[in-house]
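Going by the working numbering, the first residue of the sequence shown is number 35, and it counts up by one from there.
Glycine residues also receive a C-beta, built at the ideal position from the N, C-alpha and C atoms.
Bear in mind that the values here come from a model prediction, so they are computed numbers and not experimental data.
Take a look at the structure below.
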Amino acid sequence: MVMQSSPEQDLPAGAAGGESLTVQQAITNLKQREDLSLCYYAAWWLGKFRVRESVVIEALIAALEEQGDRTESGGYPLRRNAARALGKLGDPQAVSGLMDCLDCSDFYVREAAAQSLGMLGDRTCVPKLITLLKGGVAVAQPIPGSPHLAQPYSAVMEALGVLGATEA
Numbered sequence: 035m036v037m038q039s040s041p042e043q044d045l046p047a048g049a050a051g052g053e054s055l056t057v058q059q060a061i062t063n064l065k066q067r068e069d070l071s072l073c074y075y076a077a078w079w080l081g082k083f084r085v086r087e088s089v090v091i092e093a094l095i096a097a098l099e100e101q102g103d104r105t106e107s108g109g110y111p112l113r114r115n116a117a118r119a120l121g122k123l124g125d126p127q128a129v130s131g132l133m134d135c136l137d138c139s140d141f142y143v144r145e146a147a148a149q150s151l152g153m154l155g156d157r158t159c160v161p162k163l164i165t166l167l168k169g170g171v172a173v174a175q176p177i178p179g180s181p182h183l184a185q186p187y188s189a190v191m192e193a194l195g196v197l198g199a200t201e202a
């Protein structure tokens with residue numbers, strides 16, 4: 035999808051009466067680190083509108099390592115949105131960064147990374163996905179005080195299925 039520039043492209047997000055972002059605004063917001071909520075929204079927006087520019091891919095891959103938006107519960111919302119966006123954009127450059135996200139302490143980052151790796155279709159991630167299944171059903175137990183299991187098993191198994199990983 036090719037998006038046209040508009041006069042609002044130099045305005046900050048939320049300016050001009052709450053109008054939507056332009057591609058250039060979203061890229062600028064994603065690359066800045068003063069307001070991580072702008073990065074979070076930009077990552078979502080760029081994925082939603084499938085903006086496949088190399089500068090976007092590079093900025094989203096960099097966002098996979100962002101430490102500044104850690105929540106009180108230990109989550110990384112920007113990383114989650116960046117991982118989801120990279121899956122939608124389909125660029126194989128993202129595989130390595132997404133594989134690194136499978137080691138993140140945030141369950142939802144691991145889940146988004148597994149889903150996106152399945153979307154990208156690159157089988158080099160299969161061994162890393164399989165390691166998340168170690169221990170089988172015995173370790174697939176709910177974490178006390180948490181709404182999820184130790185690993186994003188459903189997302190991992192679905193990605194392995196999409197990738198045709200019969201060795202799993």
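What are the partner residues of residue i, as DSSP defines its beta bridges?
i: Leu183; result: Pro176
From residue i to residue j, what does the alpha carbon distance come to, in whole angstroms?
i: Pro186; j: Cys73; result: 25 Å
i: Gln127; j: Asp156; result: 10 Å
i: Pro41; j: Val196; result: Low confidence applies here, because Pro41 scores a pLDDT of 36, under 50, leaving its location unreliable; read the following figure in that light. For Pro41 and Val196, the distance between alpha carbons rounds to 42 Å.
i: Lys122; j: Gly179; result: 32 Å
i: Leu94; j: Thr56; result: 17 Å
i: Thr105; j: Gly198; result: 35 Å
i: Gln66; j: Arg113; result: 15 Å
i: Thr62; j: Glu87; result: 13 Å
i: Phe83; j: Ala60; result: 11 Å
i: Gly152; j: Tyr142; result: 15 Å
i: Ser54; j: Pro181; result: 33 Å
i: Thr200; j: Met191; result: 11 Å
i: Gly109; j: Asn115; result: 12 Å
i: Leu183; j: Val90; result: 32 Å
i: Glu160; j: Glu100; result: Reading the sequence as shown, one finds Val at residue 160 and not Glu. Rounded to the nearest angstrom, the two C-alpha atoms are 25 Å apart.
i: Asp125; j: Ser107; result: 31 Å
So, residue i versus residue j, is the Cβ gap smaller than 7 Å?
i: Ala147; j: Cys135; result: yes
i: Leu166; j: Ala193; result: no
i: Gln149; j: Ala189; result: yes
i: Leu70; j: Gly102; result: yes
Exercise for the section: Please confirm if the segment 168-175 is in contact with the segment 126-144, defined as three or more CB-CB distances below 8 Å between the two stretches. Expected result: no
Handout entry: Segments of 4+ residues assigned as alpha helix (DSSP H) that fall wholly inside the segment 116-174
Key = 129-135, 141-154, 160-165 and 170-173
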